[in-house]
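Student:
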Amino acid sequence: MSDNFILKEGELLVLFDGVCNLCHSSVQFILQRDKSAKFKFASLQSELGQKLLKFYAIDPQKTDSIVLISEQKAYVYSAAALRIGWNLGGVYKLLALGWLIPYFIRDWVYKRIAKNRYNWWGKKDACLLPRPEWKHRFLG
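Here it is as structure tokens:
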């Protein structure tokens with residue numbers, strides 16, 4: 107993988123659609139609740155995002171999803187969302203109850219939302235810039 111891509115132990119990387127309003131809101135949600143700053147972020151459209159998709163053999167044409175990279179593994183769809191909730195801790199660990207739902211049902215729901223996210227929440231013309239106090243948490 108790229109020489110400048112190094113996650114420290116315990117850090118997680120969220121790849122997100124940089125022009126999607128729902129994705130942007132999700133990133134803001136994570137940033138506001140991640141008091142230990144273990145989450146890092148990069149857009150799927152960035153050079154780093156594209157390299158990581160290729161490295162983890164994730165087809166960018168079939169991934170209209172967030173991707174979570176944790177402990178050298180990539181998670182997509184509902185698995186990524188559930189792991190993000192678990193790692194936020196506190197009440198968000200209750201999302202782990204989602205693991206009781208069979209993955210094909212969770213992923214079907216996730217993919218329906220992802221497929222319609224631009225129609226339902228809209229999109230930006232370009233990636234939004236992070237607030238200055240969060241800029242160091244964005245890679246790529």
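With the working numbering, the residue at position 64 of the sequence shown is 170, and numbering never jumps. Note that the Cβ used here is the ideal one computed from N, Cα and C, for glycine as well. Quantities reported herein were computed from a predicted structural model and do not represent experimental measurements.
Identify whether V197 lies in helix, strand or coil by the three-state DSSP scheme.
Tutor: Three-state result, V197: helix.
Student: Work out the CA separation of Q138 and N127 for me, nearest whole Å.
Tutor: 16 angstroms
Student: Using only CA atoms, which one of G191, K217, K114, F122 lies nearest to K229?
Tutor: F122
Student: What are the start and end residues of the alpha helix (DSSP H) that includes S131?
Tutor: 127–139
Student: Rounded to the nearest angstrom, what separates D109 and V215 at their Cα positions?
Tutor: Bear in mind that a pLDDT of 48 at D109, under 50, signals an unreliable position, so the number given afterwards is only what the model happens to contain. So the two alpha carbons sit approximately 36 angstroms from each other.
Student: How many Å lie between R212 and W240 at the Cα?
Tutor: 31 angstroms
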